[in-house]
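In the working numbering, the protein residues as written are 170 to 237. A virtual CB, placed ideally from N, CA and C, is assigned to each residue, including glycine. Taking it in order: structure first as structure tokens, then the write-up.
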């Protein structure tokens with residue numbers, strides 16, 4: 170199944186997504202990941218937010234830190 174990634178905003182408690190080539194009234198699952206500015210966070214906070222990411226990125230980071 171094709172997956173699409175786009176940036177949008179939550180306005181008045183609603184999330185609107187535009188320009189995704191799907192038919193009207195199609196049932197979809199939406200995963201919401203809030204964007205954060207990692208450069209303005211402490212290393213501890215960045216680590217906390219990224220340590221549970223699944224896949225190669227988190228595995229590489231864990232290996233680099235010597236946690237596994």
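Find out if the Cβ-Cβ distance for the pair residue i, residue j is shorter than 8 Å.
{"i": "residue 175", "j": "residue 185", "result": "no"}
{"i": "residue 197", "j": "residue 191", "result": "yes"}
Do you know offhand how far residue i's Cα is from residue j's?
{"i": "residue 182", "j": "residue 202", "result": "15 Å"}
{"i": "residue 233", "j": "residue 189", "result": "37 Å"}
{"i": "residue 209", "j": "residue 173", "result": "28 Å"}
{"i": "residue 221", "j": "residue 215", "result": "11 Å"}
{"i": "residue 195", "j": "residue 205", "result": "30 Å"}
{"i": "residue 218", "j": "residue 235", "result": "18 Å"}
When DSSP labels each residue in this structure, what does residue i get in the three-state scheme?
{"i": "residue 198", "result": "coil"}
{"i": "residue 218", "result": "helix"}
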